[in-house]
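Reviewing the structure listed below.
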Amino acid sequence: MSTSPPEPDLVRSSSAPNQPETDNPPLPPNRVLASAWKHHPFQKPATAPWDKPIPRGVTMLTKLLHGFCPETMEDRWFVYADYDETDADENANDALLVRIHIYRSWTGFKIVEQKIRVPRALLLLLSSAEDDEHDAGSTTAEEGAGEEGEGAKITEITWETDRERWRGGGEPDAKETATSVCKHMLGVELEPEP
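Every letter in the sequence shown is one number past the one before it in our numbering, and letter 6, counting from 1, is -12.
Rendered as structure tokens:
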């Protein structure tokens, strides 16, 4: 009998009490937290690499990291972002690995998780753009963010294989679900799979 690892601890904004001191820039302070909705971890996860760039710019990354909390039954998904200090990106010391957790809101079952490599410099731009809120400085940050080789990208996708929890057909359905949730719930349009 295999058990899935426990969900990562919540990460709060740097202004939140009891936030450990780290060198990592905070995720958006007004984002959806794991505690916002009842949810359950994967039962039978499968994982595959996924080299999928996130659309360039601070606005798209902010939307992705903000998450989504359902308000009505028609809102089928619950989405939040976090990171784990112990989950270092061995390929680049200048990046943070962020996980986007996607759950069915009705059941609370985890369906998909995306691992995203986010350059620390881009997270710092995100933090400064939120501090400046819509002033000329954030526009400059938006235009300068994500130059070639500096953008955020999905590096891995994990999905539920337990057919009683999700009737998806494996990796292609997981990628399609992640792409659809990003577009319709978060307003982030990823390039469709070929």
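Glycine included, every Cβ here is placed at the ideal spot set by N, Cα and C.
The structure presented is a predicted model; accordingly, all values stated were derived computationally and were not measured.
Simplified DSSP assignment, three categories, for residue i
i, result
"H21", "coil"
"E138", "strand"
"V94", "strand"
"V14", "coil"
"V100", "strand"
"D64", "strand"
"L105", "helix"
Residue i versus residue j: straight-line alpha-carbon distance, rounded
i, j, result
"I98", "I139", "9 Å"
"A77", "R86", "29 Å"
"A16", "A63", "8 Å"
"T137", "T54", "32 Å"
Pick from the options that is closest to residue i, judged by C-alpha positions
i, options, result
"N12", "W32, T44, A30 and V40", "T44"
"I93", "T41, A103, G49 and W148", "W148"
"G133", "K157, L106 and D155", "L106"
"P37", "T89, F24, R58 and V100", "V100"
Limits of the unbroken alpha helix (DSSP H) element including residue i
i, result
"P31", "Taken as a continuous stretch (DSSP letters only), P31 belongs to no alpha helix (DSSP H), being part of the beta strand (DSSP E) at P27 to P35."
"D144", "Counting along the chain, D144 falls outside any alpha helix (DSSP H), and DSSP gives it neither H nor E."
"T89", "Careful: T89 lies outside any alpha helix (DSSP H) and carries neither H nor E."
Proximity of residue i and residue j at Cβ, strictly below 8 Å
i, j, result
"E142", "K26", "yes"
"L172", "T161", "yes"
"L46", "I82", "yes"
"G151", "T159", "no"
Residue i: first and last residue of the uninterrupted beta strand (DSSP E) it sits in
i, result
"V170", "Run containing V170: none; DSSP gives neither H nor E here."
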